[in-house]
Structure formats: C-alpha cells, structure tokens
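Here the structure is laid out as structure tokens; the discussion comes afterwards.
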Amino acid sequence: MGRKRLLSITLDHIKASQMPHPVPFVDFPAQYKEEKSEIAEIVDRVFSRGEFIGGTEVESLEKDLAAYLGVRDVIALNSGTDALILAMAGLGIGAGDEVITPPNSFVASTAAIVHLGAQPVFADVGDDQNIDVADIRRKITPRTKAIMPVHLTGRMCRMDEIMALAREFNLKVIEDAAQSIGSRYRGRLSGTIGDAGCFSCHPLKNLNAAGDSGFVSTNDPALASWIRLARNHGLKDRNTVVRFGFVSRMDALQAAILRMRLSKLDAVIERRRQNAAIYREHIKTNHVQVPVCEKDEFNSFHLFVIQADRRDELQRHLGEHGIGSSIHYPIPIHLQPAATGLGHGPGSLPVSERQSGRILSLPIHQFASGRQIEGVARTINEFFGA
Ligand SMILES: Cc1ncc(COP(=O)(O)O)c(C=O)c1O
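For the sequence shown, our numbering assigns the number 11 to the initial residue and increments by one for each residue that follows.
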C-alpha cells in the first residue's frame, strides 16, 4: 500500500472516530433489547393471571412507588393528565376558582384546570424555566384556590418559597411532577411536598410505561380515597356507585412494566446526570446557555434543555449530523389557538415567550454513551465556530 493511500485511510479513520455516531433523541429499541426477557416474563405473568385492569400488579406498584417516594398513598391511574384532573377535583377545585401555573409546560397542566371549569392564571417563569415565585404572588386574587408548579425538565421549582406562599394565602399546591420523578429540592423528592404530586409514566418519561399511565402521590388519606373511587366509576364495590366517576385506571401490564423499571430508576437517573455533566463540561460557546445545577437541587434530567442563539439553524445542523433533538415547547400555552379565550396576547409572558424561541432539548437518555454526548457537544461548538 502506498504511503499516500495509508495516510488517507488514517485521516479518514481519525475523522470517523471524532464524528458522533447517530444519536437518537430517544432509544426505545435499546431499552427493549435490554429488557426483552423481563417483558416476556411480565406478559406471561399478566396473561396467565388474567387480571388486566387494576388488581395485584397495580396494588404492588402503588406500594413500591409509595415506598420510593416516602408518601402515605399512591393511586395508580391511566395518565398524568388524569392525575392532575383527579387531584385537583379531589381537592375541591372547580368552577370559578383560579389556579396559578406556568405557560411553558406541556398543554396537559393547563387543560386539566380548564376541564374542571376553573381558570388557569399564568405566572411567568425564571431563567431556570420554572415558575417565578414573585410572579405567582403578583397573580394571587381572592379567587385563587391553588398553585400548580411544574418541575419542568426534571428541575424542581423553589418549593420552600411556593409552600410559604401557599400557607400565607391558604392555597392548595398540586405539583405537576410529570417530568421529575426522583428529582429533589433541599433533599425532598418532587411530588411529595404539596397536597398532591401528579406523575406521568408516558413512554418518553424517565419512569416509562409501554403506553399511557400515571399516578398521584399524597399524604392526605381523604384525597387518596376520593381519587380511588373517582378512577373507577365511583364504585365502592362491584355494584354500588357512591359518586359518578371516571374510567382512569391503570392497566396491569403497564403496572408490571413500571414495577420492573422502578427498580432501575435510580441507575437511569444517574446515567442521565452523567450525560448532563459531560454536556456541561464540553459545551464551550457563549451562544449556548446550559442548565445550571444549584446546590439545593438534585436534577433527574428528564430533559437537557439548552437555550441557544440561532436555535432552528442549530437544530437543523444537528439533524444533518444524525443527532436527534426536540423542542419542549415551541409555542407557550397562552399563545395556543385553544387559549384565545384566556385573554393573553404576545408579550404578556415575556420570559416564556423569549425562551420558546431559544430552547432545544438534546439527547440525554441512558443509552447514549459519554462519547456520543461529547460528540453532540463538539458538533454544537463547531456550529458556533468555538
Ligand atoms: C409537564 C407535564 N404535565 C403533564 C403531562 C401529562 O401526562 P400524560 O401524557 O401522562 O397524560 C406531561 C406529559 O406528557 C407533562 O410533561
């Protein structure tokens, strides 16, 4: 082989080793590969028992989750959305009440308030993308009944300040913990601080089912009983309807999968935190702001969201290099067509609006290797010429 050809092969090799492999935003096939035999065993167990909705698997999951969170009750449900609706309904929130919540969440948090006939009142967010406590205070009126903080991306809101405000104005606190299982603020787990914690186990979440499911956590026994009845048509027993309810129960298959995955959750979070640390070390451009980790917080990094100049161009550039990314969320809820009746226009919640044009969620999942994450960081640096 000539020297020239050898040199060119070597250079190609060096280039290839520096190129990030394709990095999908999520990697369900990798998760399935890892769990194939466990899933098969679960399917066999559930089908053999013939108990498909509620029952043994669901009760065991509720116990395991309550132990993990250190709460009195967990009520397994069909989704995080119904967790929010039922938690608020059980706390007596309804027509004429105002609930303060951020506009940069997934639409479900606001939709849940609307479905109860209550009024969502938006407080803007801070640089950390979480609800701004000073703005909550400004938005409190005599009709305010509750605060719904959303621990967006796995980063927790300033719960001490929110709870103090709630005590001062006698408000309920419903934590939207859909994105934050396992996150802590001053040592306390998300979803265990307010009157209720509402979790989603949507396939994209850190604790993910193979379909829709979610749950409520609470230390309030009356609320727990209310939700238990409500999730199953208000049936006290097979034939007695105490109150008209809903069909918001969790399937046994989902519960069994979640139980298996709960045992791995802390390891999953640890891998995500390692990937976040690599991003934080390797992204080296002033055009990108990476999420900081303050000393009071333990972030489970459901998402790793940067705030970047030329966000759309950057996202295209990443895509061209085989790197998946996403935007959570490109249109703040108050500017959605569905929110026209809520009376907000552009400029009314400026921080959320500004961020919606800059945020970009990078791959952070547990199956992405450190080298892949470094490759993503390098691709970002190169884009900005850093
Ligand atoms: C912040 C937030 N709230 C609520 C929900 C609703 O959860 P689900 O999709 O399980 O109904 C989600 C999840 O998608 C979410 O991310």
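Using N, Cα and C, we set each Cβ at its ideal position, and we do this for glycine too. Quick caveat: nothing in here was measured; it's all calculated off a predicted structure.
Bounding residues of the beta strand (DSSP E) (the contiguous stretch that carries residue i)
i      : result
Thr202 : Here Thr202 belongs to no beta strand (DSSP E), and DSSP marks it neither H nor E.
Gly224 : 224-228
Ala318 : 314-318
Ala206 : 206-210
Phe132 : 129-132
Val251 : Taken as a continuous stretch (DSSP letters only), Val251 belongs to no beta strand (DSSP E), as it is neither H nor E.
Asp186 : 182-186
Ala265 : Run containing Ala265: none in the beta strand (DSSP E); it sits in the alpha helix (DSSP H), 262-272.
Arg111 : Here the sequence assigns Thr to residue 111, which means Arg is not the residue at that position. Start and end: 108-111.
Whether residue i touches residue j by CB criterion (8 Å)
i      : j      : result
Met169 : Ile141 : no
Leu87  : Met270 : no
Ile94  : Ala118 : This sequence places Leu at residue 94; Ile is not what is there. Yes.
Ala176 : Phe209 : no
Tyr195 : Asp306 : yes
Ser371 : Ile341 : no
Ala234 : Gln264 : no
Leu214 : Leu75  : no
Val226 : Ile85  : yes
Phe314 : Ala286 : yes
Glu61  : Ala262 : yes
Ser310 : Gly164 : yes
Arg321 : Arg282 : no
Ile279 : Val300 : no
Cα-Cα separation, residue i to residue j
i      : j      : result
Gly207 : Ser358 : 28 Å
Ala133 : Lys149 : 7 Å
Ile288 : Ala378 : 11 Å
Ala240 : Phe38  : 33 Å
Pro231 : Pro34  : 42 Å
Lys46  : Gln376 : 17 Å
Ser58  : Leu245 : 26 Å
Ser362 : Ile146 : 14 Å
His312 : Arg326 : 22 Å
Ile337 : Ser258 : 29 Å
Gln394 : Val124 : One point to set straight first is that residue 394 is Phe, not Gln, in the sequence displayed. Roughly 42 Å between the two C-alpha positions.
Thr295 : Pro113 : 29 Å
His297 : Tyr339 : 20 Å
Arg253 : Arg238 : 11 Å
Gly136 : Val56  : 45 Å
Asp107 : Leu181 : 11 Å
Asn242 : Ile110 : 29 Å
Ala77  : Val68  : 14 Å
Thr350 : Lys155 : 23 Å
Pro360 : Ala144 : 15 Å
Ile267 : Ile52  : 7 Å
Leu324 : Glu392 : 10 Å
Cutoff 7 Å; reference residue i; Cβ partners in own chain excluding five residues on either side
i      : result
Ser115 : Val160, Leu162, Asp186, Ile343
Gly104 : Leu126, Gly127, Ala128
Gly90  : Ala118, Ala188, Cys208, Phe209, Ser210, His212, Gly224
Leu16  : Per-residue confidence for Leu16 stands at a pLDDT of 44, beneath the threshold of 50, marking its modelled position as unreliable; no derived number is given.
Asp222 : Asn88, Ser89, His212
Pro32  : Gly332
Host alpha helix (DSSP H) of residue i (start-end)
i      : result
Gly90  : 90-100
Ala240 : 231-240
Asp145 : 143-149
Thr120 : 118-125
Thr350 : Counting along the chain, Thr350 falls outside any alpha helix (DSSP H), and DSSP gives it neither H nor E.
Val302 : No alpha helix (DSSP H) contains Val302, which DSSP labels as neither H nor E.
Leu345 : Run containing Leu345: none; DSSP gives neither H nor E here.
Lys46  : 38-59
Proximal residues to residue i (C-beta, below 6 Å), its chain only, five neighbours per side dropped
i      : result
Ala387 : Tyr289, His292, Ile293
Ser200 : His161, Met166, Ala187, Ser190, Ser193
Val183 : Ile157, Ala176, Gly204, Asp205
Glu72  : Val84, Ala86
Asp92  : Ser258
Met98  : Leu126, Ile184
Neighbourhood of residue i by C-beta, 8 Å cutoff - its chain only, sequence neighbours within 5 removed
i      : result
Phe389 : Checking the displayed sequence, the identity of residue 389 turns out to be Thr instead of Phe. Same-chain partners within the cutoff: Pro30, His327, Leu328, His331, Ile333.
Met451 : With the chain running from 11 to 396 in the structure shown, residue 451 is simply not present.
Ile63  : Arg259, Met260, Asp261, Ala262
Arg198 : Met169
Ser18  : Low per-residue confidence applies at Ser18: pLDDT is 43, beneath 50, and the placement is therefore not dependable enough to give any value.
Relative to ligand 1, what is the chain-ordered list of residues with a Cβ closer than 6 Å to any of its non-hydrogen atoms? Ser89, Gly90, Thr91, Ser115, Phe116, Ala118, Ser119, Val160, Asp186, Ala188, Gln189, Ser210, His212, Asp222, Gly224
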